[in-house]
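Okay, structure first, notes after.
Protein chains: 2
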Amino acid sequence: MATIADVAAHAGVSKSTASRALRGAGTVSAATRRRVQHAADQLAFVATPSAARLATGRTHTVAVVTPFVCRWFFATAVAGIQHELARSGFDLLLYDLHQPAARERFFTQMPVRGRADGAVLLTLPVSEAEETALAGLRVPMAFVGDIVPGSSSVRIDDRGAARLATRHLLNLGHQRLALIGGDPSEPMGFAAPAQRRAGFDDAIREAGVVVPEAHVAAGDFTAAGGAVAMSQILAAERIPTAVFVASDEMAFGAVHTIRQLGLRVPQDISVIGFDDHELAEPFGLTTVRQDVYRQAHAAARSVLDTIAAGESASPRHRVVSTELVVRDTTARAGEPPSAHRTIPPHERNTA
Amino acid sequence: MATIADVAAHAGVSKSTASRALRGAGTVSAATRRRVQHAADQLAFVATPSAARLATGRTHTVAVVTPFVCRWFFATAVAGIQHELARSGFDLLLYDLHQPAARERFFTQMPVRGRADGAVLLTLPVSEAEETALAGLRVPMAFVGDIVPGSSSVRIDDRGAARLATRHLLNLGHQRLALIGGDPSEPMGFAAPAQRRAGFDDAIREAGVVVPEAHVAAGDFTAAGGAVAMSQILAAERIPTAVFVASDEMAFGAVHTIRQLGLRVPQDISVIGFDDHELAEPFGLTTVRQDVYRQAHAAARSVLDTIAAGESASPRHRVVSTELVVRDTTARAGEPPSAHRTIPPHERNTA
DNA sequence: CTGAAAGCGCTTACAG
DNA sequence: CTGAAAGCGCTTACAG
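Residue numbers (my numbering), protein chains in the order written: chain Y, -13 to 337; chain V, -13 to 337.
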């Protein structure tokens, strides 16, 4: 591995000018710049990151901290951030706080310290202690889905979007609604579930509709959890005709449960999800779309901009719009089966 | 930020012994060790990573390079690696090669150099040039899904698993099979699609069954791609009674297309996927399971072990088993609807 | 067991 | 425009 001393020697200059020439910093004559560059190419020189970092204090790295990398929302967000970072030549350090223990270890040990110039936190409401720990990092941060004073944020209007989803059900004439939301005692303490519940409540209150407790169930934002929650609701004496599910992944499970019990979607029960998961379209799930990739992208951009601008930049708070996407899992209350759900005059197997 | 000189001063020792005491290296008397530790705690000392790296040459970081973080397989693998790394106090640097341009940039610039002590590469068949570029890193590597001489690998028997899936269809009495596989001209050049195709071919050859070209279509391993591929197959003069789809995500799309056209799964067409995606269970998709989390975990472990052992450790090649998981999307050829698919005597809506 | 010194490989005022 | 020197903050032989 060639060092900068090697390229300096090859080019017949000092380390100082070699360094300056390579980084385009300071003033270097065009001729020497060329000589140095040539020497560097010859030797396939590339600066040792740790040495450059120690000297400059900059890491050209951004940390991403997330619960559950493996879930759609977070994986999509990580992709969005990675792509934006790559465009600026920044590396991405990933921290997954999948368990309370991992979360605690992260906030007490602060492995990010000295390893990143900025951080983006995904959907992670932080306690006061955690907030001060993060502040101790003294690097720009952006939050996706939460607002923390002093840091930038990008999010959607969860409450408004949930209200929109619920109104869609109401507008279709449904009176017996159900909700599959989040578990308030969930250890990560996510903010979105409560917001979505509030939006649901807004809508039913406005419509003067009452939802019995038996029609409210909590899932863990997985399909399996949604399936279980749905079966709890369907065990009620009187079952709903429509259900708002606070995530598409749970909605997939809910739809499956309904069908397993021999009921039809949407003829017997309408289902609307939340997210516009990549499988929502192929599955015909009605939902409200949020653009996760774009939110993540914007958060990364904002961190990058703040890094470039130095401490000066003031935090930006952005709200990304959502959109109702009507597909095949919602229908008017009491509607007969739609035409394309019946057996069509298509070629059939005879094997 | 306190430096090691600060804690040395506080403890009344030299930097050398302070360093030794903190890292448990060399020999330090119990008493001084305690004094130093106390001083470090007081000052909330934590070694500056770049300085430690420059001095030792170790980064305590592993790089993960993947196409598409946002797809289930890769996101799950990243989670598996992250969790194993965290247990050993290693950081994870993530590189997403989602586009040919990003891939080329990665292999020419080699951003991993000097930033990681090891790497795990996900499902990425490398060219010779790329292989030598990686070798230049001089760090232990493990591949998930591919074999590269000199590096460890963890994978499944794609060909055998595909054969298994196809035999399941054959065993159910199906004679008119179809295949939704990968596109051989896909730029990433993944190895699995060809292997799965080969396994399919093995099975039909053994069974003496012939599959017309019209019953073979390529998808891009997304649900949308699977849906399109399925509709191409269903445009054939004579449609199949069963289809092997090389990934669950494509299978989801395929099932959707079949149902959209008014045909039933599995009564009219049986569908088997590949992966055991987390949504396969809630959706009742028959498939062959591969444990991605475990493969990733093992790959990370193997890199970590090699790092710990130094150059001495010789590469390990592991093949993780797969398993047929029969659910609701496959049935005997010509089978009538199964009981639980018919309308059951359950409470119905009357709204 | 402990300390002084050199070194890891860069960068950056400061002179010239 | 260029060079000598100091410094970034650790670690590690080498003496003692």
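Each residue gets a CB set at the ideal place from its N, CA and C atoms; glycine is no exception.
Beta-ladder partner(s) of residue i, from DSSP
i, result
"L79 (chain Y)", "Y:A49 and V:L79"
"I190 (chain Y)", "In the DSSP output, where bridge partners are listed per residue, I190 (chain Y) has none listed."
"I133 (chain Y)", "Answer is none; I133 (chain Y) lacks a bridge partner."
"G275 (chain V)", "A small correction: the amino acid at residue 275 (chain V) is Arg; Gly does not occupy that position in the sequence shown. In DSSP, R275 (chain V) forms a bridge with V:D261 and V:E309."
"R304 (chain Y)", "Y:V140"
Residues that residue i contacts on chain Y, provided the C-beta gap is smaller than 7 Å
i, result
"S36 (chain V)", "S36, R39, L40 and G100"
"V32 (chain V)", "R99"
"L265 (chain V)", "A209, F238 and L265"
"A379 (chain V)", "Absent from the structure is residue 379 (chain V), since the part of chain V shown begins at -13 and ends at 337."
N-terminal and C-terminal residue of the alpha helix (DSSP H) that residue i is part of
i, result
"S288 (chain Y)", "V278 to A295"
"H236 (chain Y)", "Inspection of the sequence shows that residue 236 (chain Y) is occupied by Met rather than by His. Here the alpha helix (DSSP H) through M236 (chain Y) covers D234 to Q246."
"V339 (chain V)", "Because chain V here runs from -13 to 337, residue 339 (chain V) falls outside it and cannot be looked at."
"S2 (chain V)", "K1 to R9"
"R153 (chain V)", "D144 to N157"
"R89 (chain V)", "P86 to Q95"
"A266 (chain Y)", "A266 to F269"
Exposed unless 16 or more other CB atoms sit within 10 angstroms - verdict on residue i
i, result
"P331 (chain Y)", "Note that P331 (chain Y) has pLDDT 34, beneath the 50 cutoff, so the model's placement of it is unreliable and the number below is only indicative. With fewer than 16 Cβ atoms within 10 Å of its Cβ, P331 (chain Y) is classed as exposed."
"A4 (chain Y)", "buried"
"P35 (chain V)", "buried"
"D27 (chain V)", "exposed"
"S113 (chain Y)", "exposed"
"T315 (chain V)", "buried"
"T109 (chain V)", "buried"
"T45 (chain Y)", "buried"
"A317 (chain Y)", "buried"
"G122 (chain Y)", "exposed"
"S233 (chain V)", "buried"
"R9 (chain Y)", "exposed"
"V312 (chain Y)", "exposed"
Three-state class that DSSP yields for residue i in the structure shown
i, result
"A420 (chain Y)", "Missing from the structure shown is residue 420 (chain Y); chain Y here goes from -13 to 337 and no further."
"A221 (chain V)", "coil"
"A(-12) (chain V)", "coil"
"A319 (chain V)", "coil"
"G43 (chain V)", "coil"
"M216 (chain V)", "helix"
"L120 (chain Y)", "helix"
"V338 (chain V)", "This structure gives no information on residue 338 (chain V), because the portion of chain V shown stretches from -13 to 337."
"G167 (chain Y)", "strand"
"A128 (chain V)", "strand"
"E172 (chain V)", "coil"
"P35 (chain Y)", "helix"
"V(-7) (chain V)", "helix"
"G185 (chain V)", "helix"
"A177 (chain Y)", "coil"
"G(-2) (chain V)", "coil"
"G100 (chain Y)", "coil"
"A115 (chain V)", "helix"
"G209 (chain Y)", "Here residue 209 (chain Y) turns out to be Ala, not Gly, going by the sequence shown. Reduced to three states, the DSSP call for A209 (chain Y) is helix."
Residues that residue i contacts on chain Y, provided the C-beta gap is smaller than 8 Å
i, result
"F230 (chain V)", "The premise fails here: F230 (chain V) is roughly 16 Å from chain Y at the closest Cβ pair, so nothing lies under 8 Å."
"H242 (chain V)", "P268, F269 and G270"
Boundaries of the beta strand (DSSP E) in which residue i is found, first to last residue
i, result
"A228 (chain Y)", "A228 to V231"
"I255 (chain Y)", "No beta strand (DSSP E) contains I255 (chain Y), which DSSP labels as neither H nor E."
"A105 (chain V)", "G104 to L108"
"G66 (chain V)", "Note, G66 (chain V): premise wrong, no beta strand (DSSP E); alpha helix (DSSP H) at W58 to R73."
Cross-chain neighbours of residue i in chain V, by beta carbon under 9 Å
i, result
"D82 (chain Y)", "V64, A65, Q68, H69, A72 and L78"
Closer than 7 Å at the beta carbon, the chain V residues around residue i
i, result
"V55 (chain Y)", "A61, V64, A65 and Q68"
Per-residue contacts from residue i into chain V (C-beta, under 8 Å)
i, result
"P86 (chain Y)", "The contacting residues do not exist; P86 (chain Y) stays about 13 Å from chain V at best."
Neighbour list for residue i in chain Y, Cβ cutoff strictly below 9 Å
i, result
"A115 (chain V)", "What A115 (chain V) touches in chain Y: nothing, since even the nearest Cβ is about 14 Å away."
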